[in-house]
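Oh and the sequence shown: position 519 is 519 in full-length UniProt numbering, straight run, nothing missing. Beta carbons: idealized from backbone N, C-alpha and C, even for Gly. Bear in mind the structure is a predicted one, so any value in this text is a computation, not a measurement. Below is one structure, written out as structure tokens, with a few remarks after it.
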Amino acid sequence: MLFDLGQSASFNVLQLQEPIQLGQRVIEFHVDILIDELWQTIVEATTIGYKRLLKFPVTESQYLKLSIVSARADPLISFFGVFMDSFSDSYNLENRDKRTNSSEVIMLRTGNAAGNTSTATMQLPGVLLPCKKYYFWYPLVPAAAAAPRHALPATMSDEAPPYAPLPLVSSLPPDPNSTPPTNPTLVLPNPAFPNKRKRTGFRRKVPSGSPAAPAPSPAAPSQPPPPASAADDIIVINREPTAEAVTALTAGFPADSLTDEEIEAGVVSDVGGIEQVNYILIRNHLLCRWRETYNSWLAKEPFATLIPPHCEHLLNAAYSFLVSHSYVNFGVAPAIKERIPKEPTRPTTIIVIGSGLAGLAAARQLVAFGFKVIVLEGRKRCGGRVYTKKMEGSGRSAAGDLGGSVLTGTFGNPLGIVAKQLGLPMHKIRDKCPLYRPDGSPVDPEVDKKVEITFNKLLDKSSNLRSSMGEVAVDVSLGAALETLRQTDGGISTQEEKNLFNWHLANLEYANAGLLSRLSLAFWDQDDPYDMGGDHCFLPGGNGRLVQALAENVPIVYERTVHTVRYGGDGVQVVVNGGQVYEGDMALCTVPLGVLKNGGIKFVPELPQRKLDSIKRLGFGLLNKVAMLFPHVFWSTDLDTFGHLVEDPRRRGEFFLFYSYATVAGGPLLMALVAGEAAHNFETTPPTDAVSSVLQILRGIYEPQGIEVPDPLQSVCTRWGTDSFSLGSYSHVAVGASGDDYDILAESVGDGRLFFAGEATTRRYPATMHGAFISGLREAANITLHANARVAKTKVDRSSSTNTQACATILTDLFRQPDLEFGSFSVIFGGKASDPKSPAILKVELGGQRKKNAPEGAKTEQNHSNKLLFQQLQSHFNQQQQLYVYTLLSQQQAMELREVRGGDDMRLHYLCEKMGVKLVGRKGLGPGADAVIASIKAERNRSRAKPGPSKLKKSMKPNAVAS
Numbered sequence: 001m002l003f004d005l006g007q008s009a010s011f012n013v014l015q016l017q018e019p020i021q022l023g024q025r026v027i028e029f030h031v032d033i034l035i036d037e038l039w040q041t042i043v044e045a046t047t048i049g050y051k052r053l054l055k056f057p058v059t060e061s062q063y064l065k066l067s068i069v070s071a072r073a074d075p076l077i078s079f080f081g082v083f084m085d086s087f088s089d090s091y092n093l094e095n096r097d098k099r100t101n102s103s104e105v106i107m108l109r110t111g112n113a114a115g116n117t118s119t120a121t122m123q124l125p126g127v128l129l130p131c132k133k134y135y136f137w138y139p140l141v142p143a144a145a146a147a148p149r150h151a152l153p154a155t156m157s158d159e160a161p162p163y164a165p166l167p168l169v170s171s172l173p174p175d176p177n178s179t180p181p182t183n184p185t186l187v188l189p190n191p192a193f194p195n196k197r198k199r200t201g202f203r204r205k206v207p208s209g210s211p212a213a214p215a216p217s218p219a220a221p222s223q224p225p226p227p228a229s230a231a232d233d234i235i236v237i238n239r240e241p242t243a244e245a246v247t248a249l250t251a252g253f254p255a256d257s258l259t260d261e262e263i264e265a266g267v268v269s270d271v272g273g274i275e276q277v278n279y280i281l282i283r284n285h286l287l288c289r290w291r292e293t294y295n296s297w298l299a300k301e302p303f304a305t306l307i308p309p310h311c312e313h314l315l316n317a318a319y320s321f322l323v324s325h326s327y328v329n330f331g332v333a334p335a336i337k338e339r340i341p342k343e344p345t346r347p348t349t350i351i352v353i354g355s356g357l358a359g360l361a362a363a364r365q366l367v368a369f370g371f372k373v374i375v376l377e378g379r380k381r382c383g384g385r386v387y388t389k390k391m392e393g394s395g396r397s398a399a400g401d402l403g404g405s406v407l408t409g410t411f412g413n414p415l416g417i418v419a420k421q422l423g424l425p426m427h428k429i430r431d432k433c434p435l436y437r438p439d440g441s442p443v444d445p446e447v448d449k450k451v452e453i454t455f456n457k458l459l460d461k462s463s464n465l466r467s468s469m470g471e472v473a474v475d476v477s478l479g480a481a482l483e484t485l486r487q488t489d490g491g492i493s494t495q496e497e498k499n500l501f502n503w504h505l506a507n508l509e510y511a512n513a514g515l516l517s518r519l520s521l522a523f524w525d526q527d528d529p530y531d532m533g534g535d536h537c538f539l540p541g542g543n544g545r546l547v548q549a550l551a552e553n554v555p556i557v558y559e560r561t562v563h564t565v566r567y568g569g570d571g572v573q574v575v576v577n578g579g580q581v582y583e584g585d586m587a588l589c590t591v592p593l594g595v596l597k598n599g600g601i602k603f604v605p606e607l608p609q610r611k612l613d614s615i616k617r618l619g620f621g622l623l624n625k626v627a628m629l630f631p632h633v634f635w636s637t638d639l640d641t642f643g644h645l646v647e648d649p650r651r652r653g654e655f656f657l658f659y660s661y662a663t664v665a666g667g668p669l670l671m672a673l674v675a676g677e678a679a680h681n682f683e684t685t686p687p688t689d690a691v692s693s694v695l696q697i698l699r700g701i702y703e704p705q706g707i708e709v710p711d712p713l714q715s716v717c718t719r720w721g722t723d724s725f726s727l728g729s730y731s732h733v734a735v736g737a738s739g740d741d742y743d744i745l746a747e748s749v750g751d752g753r754l755f756f757a758g759e760a761t762t763r764r765y766p767a768t769m770h771g772a773f774i775s776g777l778r779e780a781a782n783i784t785l786h787a788n789a790r791v792a793k794t795k796v797d798r799s800s801s802t803n804t805q806a807c808a809t810i811l812t813d814l815f816r817q818p819d820l821e822f823g824s825f826s827v828i829f830g831g832k833a834s835d836p837k838s839p840a841i842l843k844v845e846l847g848g849q850r851k852k853n854a855p856e857g858a859k860t861e862q863n864h865s866n867k868l869l870f871q872q873l874q875s876h877f878n879q880q881q882q883l884y885v886y887t888l889l890s891q892q893q894a895m896e897l898r899e900v901r902g903g904d905d906m907r908l909h910y911l912c913e914k915m916g917v918k919l920v921g922r923k924g925l926g927p928g929a930d931a932v933i934a935s936i937k938a939e940r941n942r943s944r945a946k947p948g949p950s951k952l953k954k955s956m957k958p959n960a961v962a963s
């Protein structure tokens, strides 16, 4: 189905609806947009139901295409609309000067209930079937026929478009007594800052670059079903269900369907039916009311009068789920705190390791749920990587955030709610960010603009590149792709342009706390679709105010460095420095990923290999700061940031960005940031040298303007990389990793005895303060679930996190011990080794050792990229990483390939030309290879001795906590 908005428009939320009275039909679908005469997939999803809302990075297009990949029956779509969420500034194009704060929907309304094609400009054969509450379009041709994959013209004439838009209806039920409008209505928003990439070092909104979805399978034509009978089961709570759905979306819900946790909790008896629709409406309404009344305890009773009696059980289910999972009634408001029991009401003891935001959030909720909690903290303070330092000198003082400093998105951000409960204002970080040359002179605005446009285009092209490369992109770095594209496309020629380009690279390394050479091209921005709406803000007085409020009345024992955690069927034992042992029923580990990577804590038994592999794959980068308190403010107070360029690319992240805290710190405080490779070198730089370098930069900028730069009253240099309690700053998706590794790291082990939280355990919000906080609330709910199940003597049946690369992970492990190796080729055998026809999997390593002038037959997958670019990418990547491609063949073919003489190039030629084998990425191996991988894994497991289960001593007293 093809849609024409009539004009290019920006949007970041998609809404679809099915006529729920006729049942859910769509199983899998994808939506594409037309950009530069190419279709690009923006959404791939399963099921639609009564209402499906999907959020993605802001994009812009005039043409959209809905492709139904599979369905239970002929698909019926009652509504299709695209939105700018309610937190984006938008304009009505009919009146550009009029601002609106509400969500605007881009949609076409049907002009005639009988399907008059003249009023809706339809050219697709079909009928519009009326129901009591909805109209829906029933196509008489397959979706594939209605939506050809070739591009539409970039401009439209006065003639009708070649494929006319599908008529759409509003999400509100039409009035049967009203007269339909004679012309379709089109509302187009124009965001105030479309795709603006801010200079604040945060996630940049680039197209997802997901590989194109497969074309839908043709459905057999059939007659349209008869109109449904009247259905009045959908309840009406208020007239703003869409706005409430968007609020639920920002809170982490799919807004229009159930989460896995809700399904596991059994909130409805019939998943996908009318009961689910009503539950979602109630759930979303409760969430909205909590956001409006965050200082009060959200009680269930006031909503009883709004809900029909037959839906009372849904109100109970929604309220119970939201409270138990800490989506409502959390924080530090007096009305919330007075509900916390004075003494534990449960006999269960929980040990929380670490008092960062994750540990504090979990501990606070667990105490509120009645558990006995003990928090073990190695430092002399709480907060972890959130640390507000009070700086003083000569009667001046200021509070500077040496760790986490920016609330990234205020709407939906639970820390924003905590700040509001404390009555703390939030200071929006202003976009103005002037840049200065190495000599201190201002950068030419035109050159600045040109380079920023070029940089953003290269980011877009890198997204297209990863789409064309397929799974090979998993093993390629973002830095390699950007450098190759820069050299190929040009556009950066002068030294100043190169310096500016390197500044943007440094900013990107700041955003991800990682070197671009280590960031995954495929997944570095996998969390972008979950970016919270709203501004990026500073908290006046520092984020330590949030930490102190959350730590109030939480039992924390300081200077207890954990070095061993034992877990088993009887409980947990946590051993700290000095040999002191704390015993409990369950433990929550919230230490940073850097500590886990370093093996700072010994787990007995050892953590599952699956989790160890994820710990190894994920990246953990570094960001350092120099905080300086001055006698007075000498810089401009009408900006919050300014940047500085360097000529040496290796030092591009050295003091590249300055934060002005003068308006929020209570004194004249300036913060210089050090990112990328420079952040690692900074760890060994003497503090006096660092401060001198910063002052030299500042004096080079301001003294030519006649402004004297005084010596600072006090300076502080961070060393997060050598801090034994962090060993880095925050996580990122490194080459070879994916968002799935965050999920794996979040999995509990030991049959619900040992849990994990922290920013590196949330794939939606990694590397953020709110991500750490949310993970703590999540694990408080998980711990409660397991504790309740243990009391009821039932088992929590929770499957492992969805891992789209599970077979890829296993494959990597299997190839560590290949059955056959020759040159850049390695093979693992499935089935009996004596059977030459049994299957085998071949891996080919493509890297810097290969010759540039390979024989013509030795080709990589042509769909991965064009040949020249692929070779340049290989050359640049060289010794940093290798590219791997695979194929499925027989053992006999593998042995035959080994005998080919002439080196790897001749083997590749023989493999591709003589054997006719196609090399693909890991996912390209298909389900047949998955079965082979599983059988090889099972066989190797059988031949490996399994250690017995670990049990703690029987005499352990779960509630005894060492003093």
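Check: Shortest alpha-carbon distance to Leu521 belongs to which of Ala734, Leu645, Lys432, Leu360?; Outcome: Ala734
Check: Count the other CB atoms, across all protein chains shown, that sit within 10 Å of the CB of Pro181; report buried if there are 16 or more and exposed otherwise.; Outcome: Summary for Pro181: the model assigns pLDDT 34, below 50, so the residue's position carries little reliability, and this model does not support an answer.
Check: For Val352, which residues in the same chain have their Cβ closer than 8 Å to its Cβ, ignoring the five residues on either side in sequence?; Outcome: Gly359, Ala362, Ala363, Leu366, Val373, Ile374, Val375, Leu376, Ala587, Leu588, Thr590
Check: Does DSSP classify Arg396 as helix, strand or coil?; Outcome: strand
Check: Could I get the ranges of all uninterrupted alpha helix (DSSP H) runs contained in the segment 631 to 714, with 4 residues as the minimum, in chain order?; Outcome: 676 to 682, 687 to 702
Check: Does the segment 899 to 910 come into contact with the segment 823 to 841, if we say contact requires no fewer than three beta-carbon pairs (one atom in each stretch) closer than 8 Å?; Outcome: yes
Check: Using CA atoms only, rank isn't needed, just tell me which of Phe634, Ala265, Lys498 is closest to Pro712.; Outcome: Phe634
Check: Would the segment 528 to 539 count as touching the segment 414 to 430 if we require 3 or more Cβ pairs under 8 Å?; Outcome: yes
Check: Thinking just about the alpha-carbon of each residue, which of Leu16, Cys433, Thr722 is nearest to the one in Phe79?; Outcome: Leu16
Check: What residue does the beta strand (DSSP E) around Asp32 start on, and which one ends it?; Outcome: 26 to 35
Check: Taking the alpha helix (DSSP H) that Tyr742 falls in, what are its first and last residues?; Outcome: 740 to 746
Check: Could you give the distance in angstroms between the alpha-carbon of Val13 and the alpha-carbon of Glu261?; Outcome: 23 Å
Check: Who are the Cβ neighbours of Thr250 in its own chain at under 7 Å, not counting the five residues just before and after it?; Outcome: Phe411, Gly412, Met532, Gly533
Check: Report the residue ranges of all alpha helix (DSSP H) runs contained in full by the segment 345 to 386; include only those spanning at least 4 residues, in chain order.; Outcome: 357 to 368
Check: Would a C-beta distance cut-off of 8 Å place Pro818 and Gly831 closer than the cut-off?; Outcome: no
Check: Identify whether Leu515 lies in helix, strand or coil by the three-state DSSP scheme.; Outcome: coil
Check: Determine contact between the segment 396 to 405 and the segment 270 to 281, defined as no fewer than three beta-carbon pairs at a distance below 8 Å.; Outcome: no
Check: When DSSP builds the beta bridges, which residues end up paired with Ile556?; Outcome: Val375
Check: Name, in chain order, the residues that DSSP records as bridge partners for Ile274.; Outcome: Beta-bridge pairing links Ile274 to no other residue.
Check: Exposed or buried, what is Met469 when buried is set at 16 or more other beta-carbons lying within 10 Å of its beta-carbon?; Outcome: buried
Check: On a Cα-Cα basis, can you pick out the residue from Ile33, Ile35, Leu34, Glu18 that is closest to Ile27?; Outcome: Glu18
Check: Let's test the definition: count the other Cβ atoms within 10 Å of the Cβ of Met391 and tell me whether it reaches 16, buried, or not, exposed.; Outcome: buried
Check: On a CA-only basis, which of Gly49, Glu37, Thr59, Asp36 is nearest Val43? Give me that one, please.; Outcome: Thr59
Check: Can you name, in chain order, every residue of its own chain whose Cβ lies under 7 Å from the Cβ of Arg617, other than the five neighbours on each side?; Outcome: Ala734, Gly736, Ala737, Asp741
Check: By the three-class DSSP mapping on this structure, what secondary structure does Ser269 have?; Outcome: coil
Check: Beta strand (DSSP E) containing Pro57: first to last residue?; Outcome: 52 to 71
Check: Determine the burial state of Phe877: buried for a count of at least 16 other Cβ atoms within 10 Å of its Cβ, exposed for fewer.; Outcome: At Phe877 the pLDDT is 46, less than 50, meaning the model places this residue with poor confidence; the figure from the coordinates comes in the next sentence. By the neighbour-count rule (16 or more Cβ atoms within 10 Å), Phe877 is buried.
Check: Helix, strand or coil, according to DSSP, for residue 964 in the structure here?; Outcome: A question about residue 964 goes unanswered here, because the residues of the chain that appear run from 1 up to 963.
Check: Taking the C-alpha atoms as reference points, what is the distance between Thr345 and Ser326?; Outcome: 18 Å
Check: Measure the alpha-carbon distance for Pro161 versus Ser405 and round it to whole angstroms.; Outcome: Caution is warranted here: a pLDDT of 31 is assigned to Pro161, below 50, making its placement in the model unreliable, and no coordinate value can be reported.
Check: Select from Val709, Gly721, Met671, Thr887 the residue whose C-alpha is nearest the C-alpha of Thr685.; Outcome: Gly721
Check: Mind checking which residues open and close the beta strand (DSSP E) that includes Tyr567?; Outcome: 562 to 568
Check: Enumerate in chain order the residues of its own chain whose CB-to-CB distance from Ser614 is below 6 Å, with the five nearest sequence positions on each side excluded.; Outcome: Asp741, Ile744, Leu745
Check: How would you write the range of the alpha helix (DSSP H) that Met1 sits in, first residue to last?; Outcome: Here Met1 belongs to no alpha helix (DSSP H), and DSSP marks it neither H nor E.
Check: Can you tell me whether DSSP reads Gly584 as helix, strand or coil?; Outcome: strand
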